[in-house]
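Protein sequence lines correspond, in order, to chains A and B. In terms of this note's numbering, the first sequence has 166 at position 166, counting the first letter as 1, and numbering is strictly consecutive. In terms of this note's numbering, the second sequence has 285 at position 63, counting the first letter as 1, and numbering is strictly consecutive. Where a beta carbon is used, it is the ideal one built from N, C-alpha and C, also for glycine. Quantities reported herein were computed from a predicted structural model and do not represent experimental measurements. First the structure, in the form of structure tokens, and then the observations on it.
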Amino acid sequence: MSSLSSFVKLSNKETILKEWAVLHDRGGFRASDVLAFLVLWFVFGLLQALAGGIIMQLFQIPIIGDLLRFLAPILRILIFSFWIPLLAALAVLAFNIYSRPVVNGQVALSNWRLLYYERGEGRLSRFHHAVSSVNLKDIVGVHSDYQEGFWGKKNLAITVHTKHKDGISLRIGHTGLLGKLPLVGILFRRNTMGPDATAMLPEAFRLIQEHKGRVADTSVSY
Amino acid sequence: MNQNQSTIPSFIQFREGENFDREFYIAHTTLKRFPLGVIMLILVGLAAYVVPGVILIVYFALRKQKISHGYAAITDKRVIYYEFNSHPAVNYQHMRSLHVEEITGMQFRIDHKFWRKSFWMRLQTDEVAMLVGARGYLSLLKGRGSTKILEPGPDSVEFIQVMSGEVAARKFAKV
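Below you can see the structure in the form of structure tokens.
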């Protein structure tokens, strides 16, 4: 069973002819998480200052202020401790990295359609699913652009054009906005290219051409 | 509206010969009583002076939430999407449908990210597209989605599992 048909419930008249694993995003830690950590630390620092201001105001309210004086030692740590925003930012980031899913993407060719399917199931209920499909008989062209740049930067863009306003567009390899930064961009690059990414295109061009317009046999009934 | 009964047939009347099988509860707006925007508003209210913040907390804790619900179904002729909000201040009912025969392409995306959940669907025909949800806040600015970010409902994953194959089957595998 192909990995696509393990997720998408295809009709028994639709068969997967070929499948290519074009995307593999390994999840886990990324260099951009360091930036995210710094931003979070700053935001939690601001929130700590804001909370400090609110608590100081509460102290001036007669009954509430008297009650808060019992909690003064804890509140002092909460408002003034250097470690509170730092640990909060670390905890949020650790949770994010731990639960981030590994995402795999497949292009599949069936007797009717070309499908692209992304699936990622992480821990703690995090997930990502994306399915796109176009009819083979509508495909008018497939454009691909593969670039291999300085320091091993690889990019592959595939666009499947149809005669309508839809289509399938993929960008794999060293994608991402931070990776485009000059000099430091190399630190943020991560390769999302799957094992069949470059092998797919020559074969897909031929198979799409061969099966284009081969709709179901007229004797088939649903 | 009673959530236990089928929602779409309670709103539209199917003609004889159109077979309705089941509906999927695919999307809704946020169910959180205190989403991030509200929390920020309350914090600003508390920081400005405690009383406005407390009033905001009480208001958001007690108010009836404005949740929109989105249901979808596929019949042997059409794909139907029905969205409604029964809150008195919002109170709308949207119904969109596309003929299965006319569908040329489909895109579905469900994300449960760290910060945000989202459901996005686009069914394309030669002339028009059915857009449900938005892929992110930037897509709202670009006008590439509907007017609100929707979260995936309980049947959303099952819906995209079934939908993609069903539309193709009903389009191609016919006598």
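For residue i, which beta-bridge partners are listed by DSSP?
{"i": "TRP20 (chain A)", "result": "A:VAL107"}
{"i": "LEU156 (chain A)", "result": "A:TYR146, A:ILE172"}
{"i": "ILE296 (chain B)", "result": "B:VAL301"}
{"i": "ASP243 (chain B)", "result": "Answer by DSSP bridge pairing: none, since ASP243 (chain B) is not bridged."}
{"i": "GLU118 (chain A)", "result": "A:GLY105, A:ALA130"}
{"i": "ALA249 (chain B)", "result": "B:GLY292, B:PRO374"}
{"i": "GLN329 (chain B)", "result": "A:SER132, B:ARG344"}
{"i": "ARG189 (chain A)", "result": "Paired residues: none, contrary to the question."}
{"i": "LEU52 (chain A)", "result": "Note that residue 52 (chain A) is Gly in the sequence shown here, rather than Leu. In DSSP, GLY52 (chain A) forms no bridge with anything."}
{"i": "ARG123 (chain A)", "result": "Per DSSP, none; premise fails for ARG123 (chain A)."}
{"i": "ARG113 (chain A)", "result": "A:ASN135"}
Sort the options by Cα distance to residue i and report the nearest one.
{"i": "ILE186 (chain A)", "options": "A:GLU19, A:ALA31, A:LEU201", "result": "A:ALA31"}
{"i": "ALA36 (chain A)", "options": "A:PRO73, A:VAL92, A:VAL184", "result": "A:VAL92"}
{"i": "ASP403 (chain B)", "options": "B:SER340, B:VAL312, B:TYR271, B:GLU324", "result": "Past the edges of chain B, shown from 223 to 397, lies residue 403 (chain B), and the structure says nothing about it."}
{"i": "PHE233 (chain B)", "options": "B:TYR304, B:ALA270, B:ILE248", "result": "B:TYR304"}
{"i": "PHE381 (chain B)", "options": "B:PHE394, B:ILE302, B:TYR314", "result": "B:ILE302"}
{"i": "ARG171 (chain A)", "options": "A:ASP138, A:TYR98, A:ALA157", "result": "A:ALA157"}
{"i": "GLN106 (chain A)", "options": "A:SER6, A:ILE63, A:GLY27, A:HIS211", "result": "A:SER6"}
{"i": "LEU372 (chain B)", "options": "B:THR229, B:VAL389, B:ARG331", "result": "B:ARG331"}
{"i": "ASN135 (chain A)", "options": "A:HIS143, A:GLU121, A:GLY167, A:GLY122", "result": "A:GLY167"}
{"i": "GLU349 (chain B)", "options": "A:HIS164, A:PRO85, A:LEU78, A:ALA199", "result": "A:HIS164"}
{"i": "TRP20 (chain A)", "options": "A:ALA49, A:LEU114, A:LYS13", "result": "A:LEU114"}
{"i": "PHE127 (chain A)", "options": "A:GLY45, A:VAL103, A:VAL142", "result": "A:VAL103"}
{"i": "GLU121 (chain A)", "options": "A:HIS24, A:LYS18, A:LEU10", "result": "A:HIS24"}
{"i": "ALA88 (chain A)", "options": "A:TRP41, A:MET56, A:LEU10", "result": "A:TRP41"}
{"i": "ARG237 (chain B)", "options": "B:ARG300, B:LEU263, B:GLU388", "result": "B:ARG300"}
{"i": "LYS286 (chain B)", "options": "B:ILE277, B:LEU265, B:SER319, B:ARG255", "result": "B:ARG255"}
{"i": "LEU253 (chain B)", "options": "B:MET352, B:GLU388, B:ALA283", "result": "B:ALA283"}
{"i": "HIS161 (chain A)", "options": "A:ILE74, A:LEU109, A:SER144, A:LEU71", "result": "A:SER144"}
{"i": "ILE54 (chain A)", "options": "B:THR326, B:ALA269, B:GLY327, B:VAL273", "result": "B:ALA269"}
{"i": "VAL280 (chain B)", "options": "B:LEU263, B:SER290, B:ALA294, B:ILE289", "result": "B:LEU263"}
{"i": "THR347 (chain B)", "options": "A:SER133, A:TYR146, A:ARG123", "result": "A:SER133"}
Any idea what DSSP makes of residue i, helix, strand or coil?
{"i": "GLN235 (chain B)", "result": "coil"}
{"i": "PRO101 (chain A)", "result": "coil"}
{"i": "HIS316 (chain B)", "result": "strand"}
{"i": "VAL8 (chain A)", "result": "coil"}
{"i": "LEU71 (chain A)", "result": "coil"}
{"i": "PHE308 (chain B)", "result": "The amino acid occupying residue 308 (chain B) in the given sequence is Ser; Phe does not appear at that position. Correct three-state label for SER308 (chain B): coil."}
{"i": "LYS339 (chain B)", "result": "strand"}
{"i": "GLY367 (chain B)", "result": "In this predicted model, GLY367 (chain B) has a pLDDT of only 46, less than 50, meaning its place in the structure is not dependable; the value taken from the coordinates is given anyway. GLY367 (chain B) falls in the coil class under three-state DSSP."}
{"i": "VAL389 (chain B)", "result": "helix"}
{"i": "GLU14 (chain A)", "result": "coil"}
{"i": "VAL131 (chain A)", "result": "strand"}
{"i": "GLY28 (chain A)", "result": "coil"}
{"i": "GLN346 (chain B)", "result": "strand"}
{"i": "VAL354 (chain B)", "result": "strand"}
{"i": "HIS211 (chain A)", "result": "helix"}
{"i": "GLN57 (chain A)", "result": "helix"}
{"i": "PRO274 (chain B)", "result": "helix"}
{"i": "ILE382 (chain B)", "result": "helix"}
{"i": "VAL140 (chain A)", "result": "strand"}
{"i": "PHE256 (chain B)", "result": "coil"}
{"i": "GLY194 (chain A)", "result": "coil"}
{"i": "SER228 (chain B)", "result": "coil"}
{"i": "ARG76 (chain A)", "result": "helix"}
{"i": "ARG206 (chain A)", "result": "helix"}
So with CB distances below 9 Å, who are the chain B contacts of residue i?
{"i": "GLY173 (chain A)", "result": "Neighbours of GLY173 (chain A) on chain B: none; closest Cβ ~20 Å, over 9 Å."}
{"i": "ILE54 (chain A)", "result": "LEU265, LEU268, ALA269, VAL272, GLY275"}
{"i": "SER99 (chain A)", "result": "PHE336"}
{"i": "GLN57 (chain A)", "result": "LEU268, ALA269, TYR271, VAL272"}
So residue i contacts chain D; which residues on that side make the cut at Cβ distance below 9 Å?
{"i": "SER32 (chain A)", "result": "Among the protein chains in the structure shown, which are A and B, there is no chain D."}
Please list the partners that residue i has in chain A, where partner means a Cβ-to-Cβ separation under 7 Å.
{"i": "ASP348 (chain B)", "result": "HIS164"}
{"i": "ALA356 (chain B)", "result": "Per Cβ cutoff of 7 Å: no residues; ALA356 (chain B) is ~15 Å from chain A at best."}
In chain B, which residues lie less than 8 Å from residue i when you measure between Cβ atoms?
{"i": "ASN96 (chain A)", "result": "PHE336"}
Residue i versus chain B: which residues are under 7 Å apart at the beta carbon?
{"i": "TRP83 (chain A)", "result": "Chain B residues near TRP83 (chain A): none, gap ~21 Å exceeds 7 Å."}
{"i": "PHE7 (chain A)", "result": "GLN383"}
{"i": "TRP112 (chain A)", "result": "ALA390, PHE394"}
{"i": "LEU50 (chain A)", "result": "LEU265, ALA269"}
Got a sec: which bits of the region 329-341 of chain B sit with their beta carbon under 8 Å from any beta carbon on chain A, in order along the chain?
GLN329, PHE330, ARG331, ILE332, ASP333, HIS334, LYS335, PHE336
Interface residues of the region 126-160 of chain A facing chain B [CB-CB below 8 Å]:
ARG126, PHE127, HIS128, HIS129, ALA130, VAL131, SER132, SER133, VAL134, ASN135, ASP138
Could you list the residues in the region 375-387 of chain B with a C-beta less than 8 Å from some C-beta on chain A, going in chain order?
VAL379, ILE382, GLN383, VAL384, SER386, GLY387
Taking a Cβ distance cut-off of 9 Å, strictly less, list which residues of the region 317-328 of chain B are near chain A, in chain order.
ILE325, THR326, GLY327, MET328
By the 7 Å beta-carbon criterion, what residues does the region 281-294 of chain B contribute toward chain A?
none
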